[in-house]
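Chains as they are written, first to last, in the working numbering: chain A, 250 to 396; chain B, 250 to 396.
Positions of the beta carbon are idealized from the N, C-alpha and C atoms, including for glycine.
Values in this document were obtained by computation on a predicted structure and should not be read as measured data.
Number of protein chains: 2
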Amino acid sequence: MRLSTKGEYASRAMLELSLHHEEKPLHIRDISKAQDIPQRFLEQILLQLKRAGYLRSRKGPDGGYYLSRPPAEINVAEVIRVMDGPLAPIDCVSVTAHEVCPHESSCGLRGLWKEVRDAVAQIMEKATFEELAERTRAARSGRRRGS
Amino acid sequence: MRLSTKGEYASRAMLELSLHHEEKPLHIRDISKAQDIPQRFLEQILLQLKRAGYLRSRKGPDGGYYLSRPPAEINVAEVIRVMDGPLAPIDCVSVTAHEVCPHESSCGLRGLWKEVRDAVAQIMEKATFEELAERTRAARSGRRRGS
DNA sequence: CAATAGTCGACTAACTCAATCGACTTAGTG
DNA sequence: CACTAAGTCGATTGAGTTAGTCGACTATTG
């Protein structure tokens, strides 16, 4: 039940972009440094997110990436689906890529896998980047006086 | 967020063994046929489940595998952990294999991953093979007059 | 002791993952 | 207009994992 690093990096990058939403575009380099993601790898990830419509970019000096929609309108499930495909543990319970299985009707496990898929989807879909950015800002300011 | 085929096969095999609990041991061959799992692959899986203490076996003619505890006392989470490792999407929120991450305290995403982990764990831990066997029997008898 | 069935370790082909690279295009600056 | 900074794109790669196979071995039963 692992998330790929690509999915994780993509989420972190989107979060970073959400933290700087409505400022000027962020360079790949800066996201890479802030979130500790290999730059050439991040390139690919951002490109993929752009092609999927979540990001826009500008070339040249002072170019960079920025969100194409406000962070409140993007949730984690969408991003994970772009990078890793369906959220479902197995295809027979996937909503976005359902595949039929011959044992379906007599399978005592299918209901369980479905429950898992739905729980994961529900949690990730309600998690917007606006909310995550807020949590992040809170954690960072709270941390100043503390460890 | 995929489950490996090994994890899926293991669950199916455990379910099959639960359906025949308190009868004589099941041959690898029969489980393989009933659940449509490649026999040599299933061998490995059953062996792994045996080593982890969930199954016992008998060699020789009329040998086979059987559960070492009643199905009500085995849940899906345990089986998946044996085959696939931790349920957590990433290590920093794993209960069974926690790994520290430098960004931990200022990471706005960690809470989300934790939520996902907990939801998955909760669902899989409450799913015992007794209950799954019951569901399966119900589905199969219901199916007789129906499609 | 022959047949059956689980045991064990090694092996492999295919695939995926995580990343890297180089050449190219576009945009701004002096 | 040349230079440079930045994103674009496709190809490639090395390591690791997955899904599965194989063959020799051991234990049990009739």
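Three-state secondary structure assigned by DSSP to residue i
i                       : result
arginine 389 (chain A)  : helix
serine 306 (chain A)    : strand
threonine 345 (chain A) : coil
arginine 261 (chain B)  : helix
glycine 256 (chain A)   : helix
leucine 336 (chain A)   : coil
glycine 312 (chain A)   : coil
leucine 358 (chain A)   : coil
serine 396 (chain A)    : With a pLDDT of 46 at serine 396 (chain A), under the threshold of 50, the modelled position of this residue cannot be trusted, and the question is left open.
Proximity below 8 Å, CB of residue i to CB of residue j
i                        : j                        : result
glycine 391 (chain B)    : methionine 332 (chain B) : no
alanine 370 (chain A)    : alanine 368 (chain B)    : no
leucine 268 (chain B)    : threonine 385 (chain B)  : yes
methionine 373 (chain A) : isoleucine 323 (chain A) : no
proline 335 (chain B)    : methionine 250 (chain B) : no
aspartate 311 (chain B)  : lysine 273 (chain B)     : yes
glycine 313 (chain B)    : leucine 275 (chain B)    : yes
glutamine 284 (chain A)  : alanine 259 (chain A)    : no
leucine 316 (chain B)    : leucine 304 (chain B)    : yes
Proximal residues of chain B, C-beta to C-beta of residue i below 9 Å
i                       : result
valine 349 (chain A)    : Result: empty, since nearest Cβ-Cβ is about 13 Å, beyond 9 Å.
threonine 385 (chain A) : Ser355, Cys356, Gly357 and Leu358
arginine 192 (chain A)  : Nothing can be reported for residue 192 (chain A), as the shown portion of chain A is limited to 250 through 396.
Proximal residues of chain A, C-beta to C-beta of residue i below 7 Å
i                       : result
valine 325 (chain B)    : Leu361
glutamate 364 (chain B) : Ile372
leucine 358 (chain B)   : Ser260, Arg261, Leu264 and Leu381
leucine 336 (chain B)   : Met250
Bridge partner(s) assigned by DSSP for residue i
i                     : result
leucine 275 (chain B) : B:Tyr314
Listed by chain order, chain A residues near residue i by CB distance under 9 Å
i                       : result
aspartate 222 (chain B) : For chain B, the structure presents residues 250 to 396; residue 222 (chain B) sits outside this window and is missing.
leucine 275 (chain B)   : Going along chain A, no residue has its Cβ under 9 Å from leucine 275 (chain B), so there is no contact; the nearest lies around 16 Å.
leucine 291 (chain B)   : Result: empty, since nearest Cβ-Cβ is about 16 Å, beyond 9 Å.
Integer Cβ distance of residue i from residue j, believed to fall under 8 Å
i                       : j                     : result
glutamate 379 (chain A) : alanine 321 (chain A) : 4 Å
serine 306 (chain B)    : alanine 388 (chain A) : Actually they do not touch by this definition, with Cβ atoms about 51 Å apart.
leucine 381 (chain A)   : leucine 264 (chain A) : 5 Å
Within chain B, partners of residue i - CB distance below 7 Å
i                        : result
isoleucine 339 (chain A) : Leu252 and Glu257
leucine 304 (chain A)    : Simply none; closest approach about 18 Å.
alanine 346 (chain A)    : What alanine 346 (chain A) touches in chain B: nothing, since even the nearest Cβ is about 11 Å away.
Within chain A, partners of residue i - CB distance below 8 Å
i                        : result
glycine 313 (chain B)    : Within 8 Å Cβ-Cβ: nothing; glycine 313 (chain B) doesn't reach chain A, min ~21 Å.
isoleucine 369 (chain B) : Looking at the sequence itself, residue 369 (chain B) is valine, so the reference to isoleucine does not match. Here the neighbours are Met250, Val365, Ala368 and Val369.
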